[in-house]
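K.L.:
Going by UniProt numbering, the final residue of the sequence shown carries number 730, and the count climbs one at a time with no gaps. Heads up, the beta-carbon is just placed ideally off N, CA and C, and yes, glycines get one too.
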Amino acid sequence: MEDEKEEKTYRKMKYMGMMNSEIIKGLLFGGIKGVYENNGYLMVSSNGGLNQMRAGICDMVTIARFLNVTLIVPELDNTSFWNDHSQFSDIFDVDYLINSLRDEVKILTELPPNEKKKVETDFLYSMPPISWSNMTYYYKVILPRLKLYEVVHFTKSDARLANNGLPEEVQKLRCRVNYEALRFKPEIENVANKIVRILKERGPYLALHLRYEMDMIAFSGCNEGCTDQEIDDLTKMRYAYPWWKEKEIDSEKKRKDGLCPLTPEETALTLKALGIDRNIQVYIAAGDIYKADKRMESLKQAFPNLVKKETLLEESELGPFRNHSNQMAAIDYYVSIESDIFVPSYNGNMAKLVEGHRRKTIVLDRKVLVEVIDNYKNGTIGWDKFCTKVKEAHADRMGNPTMRSVSRASSSSSSWSSSSSSLSSLSSLSKHIWKHDVFLSYRHDDTFDFTHKLSTALEEAGITTFSFHKNLFMGSDALPDQHLLKEIEESQLYLVVFSTNYAASIRCLDELATIAGCIKEQRLSVVTVFYGVDPSEVRCSWYGKHFAEHEEKFRLNLVKLRRLRLARTFVARCRGLVVQNGIDLEVIDKIVKKAMEKLGHDHVLVGIQSRCLPMLRSLNLRGSERLMKMPDFEGLPNLERMDLEGCTSLLQLPPSVAFLPNLKLLNLRNCTGLLSIPNKLFGLSSLEILNLAGCSQLAECLSFNHSFSPKGLIKEKLRRFHFPRPFFAK
1 MEDEKEEKTY
11 RKMKYMGMMN
21 SEIIKGLLFG
31 GIKGVYENNG
41 YLMVSSNGGL
51 NQMRAGICDM
61 VTIARFLNVT
71 LIVPELDNTS
81 FWNDHSQFSD
91 IFDVDYLINS
101 LRDEVKILTE
111 LPPNEKKKVE
121 TDFLYSMPPI
131 SWSNMTYYYK
141 VILPRLKLYE
151 VVHFTKSDAR
161 LANNGLPEEV
171 QKLRCRVNYE
181 ALRFKPEIEN
191 VANKIVRILK
201 ERGPYLALHL
211 RYEMDMIAFS
221 GCNEGCTDQE
231 IDDLTKMRYA
241 YPWWKEKEID
251 SEKKRKDGLC
261 PLTPEETALT
271 LKALGIDRNI
281 QVYIAAGDIY
291 KADKRMESLK
301 QAFPNLVKKE
311 TLLEESELGP
321 FRNHSNQMAA
331 IDYYVSIESD
341 IFVPSYNGNM
351 AKLVEGHRRK
361 TIVLDRKVLV
371 EVIDNYKNGT
381 IGWDKFCTKV
391 KEAHADRMGN
401 PTMRSVSRAS
411 SSSSSWSSSS
421 SSLSSLSSLS
431 KHIWKHDVFL
441 SYRHDDTFDF
451 THKLSTALEE
461 AGITTFSFHK
471 NLFMGSDALP
481 DQHLLKEIEE
491 SQLYLVVFST
501 NYAASIRCLD
511 ELATIAGCIK
521 EQRLSVVTVF
531 YGVDPSEVRC
541 SWYGKHFAEH
551 EEKFRLNLVK
561 LRRLRLARTF
571 VARCRGLVVQ
581 NGIDLEVIDK
591 IVKKAMEKLG
601 HDHVLVGIQS
611 RCLPMLRSLN
621 LRGSERLMKM
631 PDFEGLPNLE
641 RMDLEGCTSL
651 LQLPPSVAFL
661 PNLKLLNLRN
671 CTGLLSIPNK
681 LFGLSSLEIL
691 NLAGCSQLAE
701 CLSFNHSFSP
711 KGLIKEKLRR
721 FHFPRPFFAK
């Protein structure tokens with residue numbers, strides 16, 4: 001019977017498009033235990049808070065097992081709002097993880113020496129895998145890259161694997177990782193166990209995961225019960241973090257839709273209505289509650305036995321974990337699992353993970369609760385009716401088993417129905433049009449000559465670069481306005497030049513915080529240069545003095561302090577090229593080549609520069625499917641023919657194409673990714689043949705000068721003009 005089940009699962013996976021039978025059989029049937037046929041090494045940078053990272057790590061282990069690759073112990077997010085510098089081994093038991101999964105997947109604490117040296121000195125291929133992807137995507141898209149580059153770095157781990165539509169054995173493995181293999185390190189478990197013992201000795205306890213920390217309220221935009229000043233402060237915080245994408249939020253609508261965490265006041269009413277014993281111990285499993293003195297009062301009155309880890313332990317016991325929010329969250333996680341009742345006020349990552357460990361969990365229906373709470377507050381219903389409605393709404397939400405179902409929304413957003421949809425999404429992701437290739441960050445007074453030369457070299461290599469000396473910000477140390485921050489967000493690569501006085505500039509540090517946020521959100525790359533300054537001084541003593549001065553100056557500005565600490569964390573982790581004062585053309589050339597590597601060898605057509613090929617008459621790049629961008633052709637006066645047919649990843653042509661005086665033929669047939677062409681192209685007197693057939697996206701946005709029509713163009717200028725298909729319908 002079991003064999004039939006495994007064979008059925010095997011056939012299902014093959015039907016889903018995973019045709020490598022050896023990999024599938026190895027995954028489902030175990031293969032030879034402890035023997036690995038390594039397809040490469042997977043490095044992972046987890047992102048988010050503790051429990052978001054935990055869920056992501058479970059997915060990464062499962063993906064590594066499926067692809068038969070060696071997983072390097074993931075690095076934890078040190079750049080989030082919480083600014084926790086804890087590493088994986090500071091929270092989880094690394095040895096237990098490796099040993100408990102040794103018959104499933106090979107996990108190492110670091111890359112082997114040869115691969116490590118290669119990554120440090122050469123090139124590391126980094127990418128964020130597409131969210132909610134199924135296993136087909138990882139087999140068809142990721143595995144070839146692992147085999148090509150040997151080491152692949154995932155820059156995000158959250159929700160990268162679909163929840164639904166996966167084979168049972170895959171689901172079993174990710175559950176095994178979460179509920180068995182991922183144990184907290186003994187120091188954390190010992191402290192958490194002591195809290196549990198203290199609580200159990202006093203009687204039963206309810207663990208309340210009260211999501212009402214400042215970051216949660218700012219991020220969600222939920223401001224029920226907040227004053228105008230508090231709403232203003234929370235809004236400013238939301239705008240201060242570029243990776244919090246949603247800025248304008250309708251708080252009232254979001255609350256009525258059940259998408260806001262319950263406030264402490266709403267939580268108190270709900271627990272009372274559910275009939276929770278007033279004298280039960282209520283353990284607050286949360287960080288610092290926003291405006292706790294005011295907002296927690298009603299909860300304290302309803303349940304006087306409120307406790308938290310800070311009140312149950314001596315300072316000496318909790319001291320090692322303070323200032324480490326992820327370690328504190330790990331303690332709350334453990335205590336919540338052991339509770340008699342677990343109640344989350346919001347269905348975030350911790351709520352979902354803890355619920356999977358245990359029962360009884362009361363899963364609150366916030367949409368219903370908001371409506372009945374408002375009716376009770378405005379006098380529409382009395383207390384007894386309110387209690388009845390709350391209990392009725394939660395009769396089947398008290399921890400009893402329920403049939404798993406997949407809603408239409410979740411099936412479309414939480415999984416990929418086929419490999420083609422995954423590949424299509426990957427294509428659209430890679431075809432984002434960046435305003436700048438490189439954003440150059442530097443302190444003007446220290447480095448102007450060097451950065452001016454560097455910027456010029458980048459431009460000559462066909463890399464569009466934003467730098468201060470070409471803009472109005474030159475010499476200004478004022479805080480960058482929203483226009484400058486937008487330039488940062490619209491750049492694909494960041495080139496940061498640290499110098500003696502870089503950290504003295506609050507403008508530079510605010511800029512650096514935005515760069516760190518963009519790298520975190522979009523997982524772009526950075527090239528770091530230490531210009532006339534020792535890296536150890538940057539990471540420690542010298543810059544530390546400047547950071548201390550800024551933090552003192554902005555000690556009352558919480559948003560600014562958070563951004564300063566984000567910049568400080570970024571500086572502390574930077575590694576890069578050390579350059580002596582002065583202009584060394586070889587060094588500049590090395591930096592330009594490094595930028596090209598980071599942008600990707602297919603991003604810029606390396607080696608074709610107009611100043612080098614003045615006699616070029618014909619350029620044939622037909623079928624270059626990975627070519628995304630053309631260099632500047634302004635200095636090619638003799639170019640007559642350009643064949644780009646089938647360059648499906650090409651997004652746009654440089655404006656200089658319209659100034660090629662001898663261009664006779666331009667073939668763009670089947671450039672399906674092409675979004676625009678310069679209008680001035682139609683003014684070329686020499687152009688005879690222009691083929692735009694199959695440029696499906698171009699047809700939607702092509703606009704001609706009002707004085708021309710397609711027929712007029714053919715008659716007056718072109719011998720042959722092949723239109724994108726939609727023109728024939730007009």
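Tell me the rounded alpha-carbon separation between ALA457 and PHE466.
P.N.:
13 Å
K.L.:
Please list the terminal residues of the continuous alpha helix (DSSP H) segment that includes GLN229.
P.N.:
Here the alpha helix (DSSP H) through GLN229 covers 228-240.
K.L.:
Using the C-alpha atoms, what's the distance from ASP90 back to GLY275?
P.N.:
40 Å
K.L.:
Buried or exposed for GLN580, going by 16 or more other Cβ atoms inside 10 Å?
P.N.:
exposed
K.L.:
Give the C-beta separation of GLU688 and LEU665 to the nearest angstrom, bearing in mind that I take them to be a contact with Cβ-Cβ under 8 Å.
P.N.:
7 Å
K.L.:
Among residues of its own chain, excluding the 5 on either side of GLY56, which ones have a beta-carbon nearer than 6 Å to its beta-carbon?
P.N.:
SER46, SER157 and ASP158
K.L.:
Can you name the start and end residues of the beta strand (DSSP E) that LEU206 belongs to?
P.N.:
Note, LEU206: beta strand (DSSP E), 205-209.
K.L.:
Within its chain, find whatever has a CB closer than 7 Å to the CB of SER425; leave out the 5 residues flanking it on each side and keep chain order.
P.N.:
Confidence at SER425 is low in this model, with a pLDDT of 34, below 50, so the placement of that residue is unreliable and no value is reported for it.
K.L.:
Short check: CB of VAL497 to CB of THR447, under 8 Å?
P.N.:
yes
K.L.:
Beta-carbon separation of GLU213 and ILE289 under 8 Å?
P.N.:
Against a cut-off of 8 Å, the Cβ pair of ILE289 and GLU213 comes out as a contact.
K.L.:
Which residues in the same chain as LEU619 place their Cβ atom closer than 6 Å to its Cβ, once the five residues preceding and following it in sequence are excluded?
P.N.:
Apart from the 5 residues on each side of it in sequence, LEU619 sits with its Cβ closer than 6 Å to the Cβ of MET642 in its chain, given in chain order.
K.L.:
Can you have a look at residue 731 and say buried or exposed, based on whether 16 or more other CB atoms are within 10 angstroms of its CB?
P.N.:
Within the shown structure, residues of the chain are numbered from 1 to 730, placing residue 731 beyond reach of any answer.
K.L.:
Measuring CB atoms only, is the region 194-209 touching the region 323-339, in the sense that at least three cross pairs come out at less than 8 Å?
P.N.:
yes
K.L.:
Pairing CB atoms from the region 216-232 with CB atoms from the region 260-270, are three or more of them under 8 Å?
P.N.:
yes
K.L.:
Might you give, ordered along the chain, the residues of its own chain that have their beta carbon closer than 6 Å to the beta carbon of PRO112, omitting 5 neighbours on each side?
P.N.:
none
K.L.:
Report yes if the CB atom of VAL343 is closer than 8 Å to the CB atom of VAL372, and no otherwise.
P.N.:
no
K.L.:
Taking the alpha-carbon positions, what's the ASP84 to GLU75 distance?
P.N.:
12 Å
K.L.:
Rounding to the nearest angstrom, what Cα-Cα distance links GLU586 and VAL538 in this structure?
P.N.:
24 Å
K.L.:
Of the choices LEU182, VAL119, LEU495 and LEU485, whose alpha-carbon is the least far from that of MET60?
P.N.:
LEU182
K.L.:
Excluding the 5 residues preceding and the 5 following ALA351 in the sequence, name in chain order all residues of the same chain whose CB lies nearer than 7 Å to its CB.
P.N.:
HIS209 and PRO344
K.L.:
Keeping to the same chain, check which residues put their C-beta closer than 7 Å to that of SER86; ignore five residues upstream and five downstream.
P.N.:
LEU76, HIS324, ASN326 and GLN327
K.L.:
Look up GLN492 in the DSSP assignment and say whether it is helix, strand or coil.
P.N.:
strand
K.L.:
With respect to the beta strand (DSSP E) encompassing SER251, which residues constitute its N-terminal and C-terminal limits?
P.N.:
Careful: SER251 lies outside any beta strand (DSSP E), inside the alpha helix (DSSP H) at 251-256.
K.L.:
Is DSSP giving ARG366 helix, strand or coil here?
P.N.:
helix
K.L.:
Which of the three DSSP states is assigned to GLU317 in this structure?
P.N.:
helix
K.L.:
Answer yes or no: the CB of ASP84 versus the heavy atoms of the ligand FAD, is any distance below 7 Å?
P.N.:
Of ligands this structure carries none, so the ligand FAD is not represented either.
K.L.:
Going by alpha carbons, who is nearest to VAL368 out of GLY258, ILE341 and GLU110?
P.N.:
GLY258
K.L.:
With DSSP collapsed to three states, give me the class of ASN78.
P.N.:
Residue state, collapsed to three classes: coil.
K.L.:
Quick test of your reading: ALA461 and VAL657, contact by CB under 8 Å. State the CB separation rounded to the nearest angstrom.
P.N.:
Not quite, the Cβ-Cβ distance comes to about 18 Å (not below 8 Å), so this is no contact.
K.L.:
Counting C-beta neighbours from all protein chains within 10 Å, is the total for ASN279 16 or more, i.e. buried, or is it exposed?
P.N.:
exposed
K.L.:
DSSP has ASN620 in a bridge; who is on the other side?
P.N.:
DSSP lists ASP643 as partners of ASN620.
K.L.:
To the nearest angstrom, how far is it from the Cα of GLY399 to the Cα of ILE341?
P.N.:
9 Å
K.L.:
In whole angstroms, what is the alpha-carbon distance linking ASP250 and THR235?
P.N.:
Taking the straight line from one Cα to the other gives about 12 Å.
K.L.:
With which residues is SER126 paired in a DSSP beta bridge?
P.N.:
Partner(s): HIS153.
K.L.:
Suppose you measure from the CA of VAL529 to the CA of VAL578; what does that come to, to the nearest Å?
P.N.:
6 Å
K.L.:
Let me know the secondary structure DSSP gives ASN670 once reduced to three states.
P.N.:
coil
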